[in-house]
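Working notes, beginning with the structure itself.
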Amino acid sequence: MMRIVGIAGHARAGKDTVAQWLVRNRGALRFSFASPIKAALGRLFGIQPSVWDGPEKECPLPHLGKSPRELAQTLGTEWGRNLVHQDVWVLAARRVFENAFVLDDQIVAIPDVRFENEAAFVRERGVILHLYRDAADGRVGLVGHESERGVQPAPEDIMISNNGTIDELHEKLEHLFPASTLTF
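Under the working numbering, the first residue of the sequence shown is numbered 874, with each subsequent residue one higher.
As structure tokens, this is what we get:
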């Protein structure tokens, strides 16, 4: 059975770093609830995929006056969740997983679990890892936006404080996800 590791936390808490570690060190596939949003913004405004991995995602586009992050927040939430369907991105994810070739023992890392319905989707198929970092206070993009409020931890979720170095984070991940026993 495919196992999902959903990663929740404020912007800049280290969610992408954890997903990258799982891909490199545990052979995980990477999936994102925001993939269709980013693809649409790329087609509409020419935002290159590399923008999403760097600080440029916080810089307003000259012709729009909004940053790629702000565009993604409003397209994903105000349009997608509020106007189309509350579960639009979960339904899209379910469709991808139903049609994808994923090995039974495959790990899938999802570094953008932002809403309770997304967390429920992940918990049915795996585990949520909550990352906390003092410097990650959600003050990027549209401050106070619904997509930056986070997911409430459940008793079965895993909590990680990420206030140290990247090496210290990697060490914590080694203990949580040992190469020899990946069961959850």
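C-beta atoms are modelled at their ideal positions from N, C-alpha and C, and glycine is treated no differently.
As the structure is a computational prediction, the values presented were derived from the model and not from experiment.
For I910, the enclosing alpha helix (DSSP H) starts and ends at 908–918. Here L1049 carries a helix assignment [DSSP, helix/strand/coil].
Contact annotation: F906 and W952 have beta-carbon atoms that are not nearer than 8 Å.
For R876, the secondary structure class from DSSP, reduced to helix, strand or coil, is strand. Between the stretch 978–998 and the stretch 895–905 there are three or more inter-stretch CB-CB distances shorter than 8 Å, so the stretches are counted as touching. The three-state reading of DSSP puts H883 in coil, since its state is none of H, G, I, E or B. Rounded to whole angstroms, the gap between the alpha carbons of R916 and I910 is 10 Å.
G900 carries a coil assignment under DSSP once its states are collapsed to helix, strand and coil. The alpha-carbon separation between I920 and R885 amounts to approximately 20 Å.
A Cβ-Cβ distance of about 13 Å is found for the pair I1039 and L1004, leaving them out of contact under the 8 Å criterion. Taking C-beta separations shorter than 8 Å and ignoring five residues to either side along the sequence, the partners of L1049 in its chain run L1002, I1031, I1033, following chain order. Between V878 and V891, the alpha-carbon positions lie close to 10 Å from each other. For A973, the number of other beta carbons within 10 angstroms of its own is below 16, and it is reported as exposed.
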